[in-house]
Amino acid sequence: TVAEGDAVILYNFRGDRAIEISRAYEEPDFAVFDRSGPDGRPAPSVFFAGMLQYDGDAFVPKQYLVEPPAIDRTISEYLCAEGVTSFAVSETQKFGHVTYFWNGNRSGYIDPSLETYVEIPSDNVQFDTTPAMKVREITDEVIDLLRSGRYRFGRLNFPSGDMVGHTGNLDATVAAMTVIDESMARLMAVIAELDGMLVYTADHGNADIMYTESSDGEIVPKTSHTLSPVPFAIHDGAYQGEYHMAPPPAAGLANVAATVLNLMGYEAPDDYEPSVVTFG
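Letter by letter, the sequence shown follows residues 439 to 718 of the working numbering.
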């Protein structure tokens, strides 16, 4: 039990989840849930510190143990400096991945005159009961933004393969991936119609392996991420052989930024991990 005057240290260093509990301890007017005790007493006053400062813009938390790493020169900073309009869309479960994490662990816009962020509220349910999650709604929103003609670049995250995969429910995960397949087909059709380009990838597996063998030899549901290679694919209806895939050894998520910049016609900064495509 946390008592008046206690010190609380949060050793988690992953920002999106740590921010929530940090706010609950630090914000005097926190109202997301009732912090009072079972006898109605107000929440105790404690000294709270995080392993890192999880949000440098909002200063959450105020006290922390280790100076957070500086992440600058992100792809969004580059695109904004070039005047490129962009959008980011997902539902609540992954909205931070296309905004906060994408922008180098910073909340908010880099340039609100050039960027549009759209968060579609996630349902507060067990995700295997609604395996489609908000994938169709995300797709609808992205198609509207694409058809507006206002944006040169957009990013989105379909969360259901990961979130439903974590439940270990195979049938629900198959249903989730079916909706993603349908939605990808819708997006590809619109992007082709608009003479655009689609890149899709992931940073880890989950839905690809749904069962594992326990230490006693029993086959049990696997609810954690996998280490399987993930796809990196380009759908380009106007492709005439101008470039080809040439991923460097051990290519991964860090190579995506340079690749996207090259595909958009920009030179990637020298300190970026190299592109996975070669022109000429």
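Ideal Cβ placement from N, Cα and C applies to all residues, glycine included.
Note that the coordinates shown come from a computational prediction; the quantities given were computed from them, not determined experimentally.
With 16 as the cutoff for other CB atoms within 10 Å, does residue i come out buried or exposed?
i: M601; result: buried
i: M571; result: buried
i: G383; result: Since the first residue of the chain shown is 439 and the last is 718, residue 383 is not available in this structure.
i: Y649; result: exposed
i: M615; result: buried
i: L632; result: exposed
i: A526; result: buried
i: S653; result: exposed
Under the assumption that residue i contacts residue j (Cβ atoms under 8 Å), give the Cβ distance between them as a whole number of angstroms.
i: D467; j: S545; result: Not quite, the Cβ-Cβ distance comes to about 19 Å (not below 8 Å), so this is no contact.
i: C518; j: D549; result: 4 Å
i: F486; j: P499; result: 6 Å
i: D566; j: T530; result: Their Cβ separation, rounded to whole angstroms, is 17 Å, which puts D566 and T530 out of contact at 8 Å.
For a test of the three-state rule: what should DSSP assign to residue i, helix, strand or coil?
i: I729; result: It is not possible to answer for residue 729, since the shown part of the chain is limited to 439 through 718.
i: V440; result: coil
i: E651; result: strand
i: L625; result: helix
i: H535; result: helix
i: V522; result: coil
Measuring only the C-alpha atoms, how far is residue i from residue j?
i: D561; j: V628; result: 27 Å
i: R452; j: H673; result: 32 Å
i: D709; j: D582; result: 35 Å
i: K660; j: L490; result: 31 Å
In chain order, what residues of the same chain lie with their CB nearer than 7 Å to the CB of residue i, ignoring the 5 residues before and after it?
i: K532; result: N595, P597
Got a sec? Which residues, its chain only, sit under 8 Å from residue i by beta carbon, not counting five neighbours each side?
i: V446; result: V440, Y463, V484, F485, F486, A487
i: T568; result: D561
i: A645; result: G599, D600, V602, G603, T611, A614, M615
i: E705; result: L699
i: V522; result: L552, R590, F591, M702
i: L608; result: M648, Y649, P659
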